[in-house]
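In our numbering, the protein residues as written are 406 to 477.
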């Protein structure tokens, strides 16, 4: 039911004829850079998310304290 090897080769040949090897090479390198950037951002995300969650809890506590002082 899947794509066989000869069918895959025909599809690749058509794509190369339509776009050319230079455009495909450029597209491949651009895609690789995008994936690298995405992986780097995902690796950095947990550290940033941890700090953001700490900042939010501090802000909420400060706001609650200010409301309590206003009510008193």
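Idealized CB from N, CA, C, for every residue including glycine.
How is the alpha helix (DSSP H) around residue i delimited, first residue to last?
i: residue 419; result: 410-424
Secondary structure at residue i, three-state DSSP: helix, strand or coil?
i: residue 407; result: coil
Short check: CB of residue i to CB of residue j, under 9 Å?
i: residue 429; j: residue 421; result: yes
i: residue 424; j: residue 436; result: no
i: residue 419; j: residue 408; result: no
For residue i, collect the residues of the same chain with a Cβ closer than 7 Å to its Cβ; drop the 5 residues on either side in sequence, then sort them by chain order.
i: residue 444; result: none
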